Amino acid sequence: MTNIKFFRYDNRLVGFECLGHTGYEESGKDVLCASISTITQSIALGLRDVCNIDTLISRDDEMGYIKVEIPKDLSSDKLSGASVLLDTLFVTIKDLVEGYPKYIKMEVIEYVY
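Residues in the sequence shown are numbered from 0 upward in steps of one, following numbering that gives the first Met the number 0.
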């Protein structure tokens, strides 16, 4: 099962952590796991390379782990861009959870800087 935590601070998403392989199919054929990997990595790249935010990114591909956090003090423009990307990830994962509840767990936790 893949566990995804979204971090919320001041009513905004400020990061996420994703751990584990879904187990939907065997490794190399698991399209659900590949979908989650693609969207989480795309958001991480978008935050860093498109929005030019100095994000903290930790990952371990073997474990199926990625954690992305944005800094607390961002300009309003960068915060706006980050919000669009993180909200997009949230609704995408929520949709996947609704379709595959045995394979993905999602939660939102309050984040403390």
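Heads up, the beta-carbon is just placed ideally off N, CA and C, and yes, glycines get one too. Just so you know, these numbers come straight off a predicted model, no measurement behind them.
Same chain, Cβ closer than 6 Å to residue i, neighbours up to 5 away in sequence not counted
i, result
"Glu68", "Gly14, Leu55"
In DSSP terms, what residue i is bridged to
i, result
"Arg11", "Tyr8"
"Asn2", "Leu18, Lys104"
"Asp59", "Tyr64"
"Glu109", "Arg7"
Residue i versus residue j: straight-line alpha-carbon distance, rounded
i, j, result
"Ile65", "Arg58", "4 Å"
"Val83", "Val107", "17 Å"
"Thr39", "Ser74", "23 Å"
"Leu131", "Ser41", "Any question about residue 131 goes unanswered here, given that the chain covers just 0 to 112."
"Glu61", "Leu44", "19 Å"
"Glu24", "Asp48", "32 Å"
"Lys4", "Glu16", "5 Å"
CB of residue i within 8 Å of CB of residue j, strictly
i, j, result
"Tyr102", "Phe6", "no"
Exposed unless 16 or more other CB atoms sit within 10 angstroms - verdict on residue i
i, result
"Thr21", "buried"
"Gly27", "exposed"
Proximal residues to residue i (C-beta, below 7 Å), its chain only, five neighbours per side dropped
i, result
"Arg11", "Ser82"
"Leu46", "Ile52, Thr54, Val67, Ile69, Ala81, Leu84"
"Tyr112", "Tyr8, Lys71"
"Gly19", "Met0, Thr1, Asn2, Gly63"
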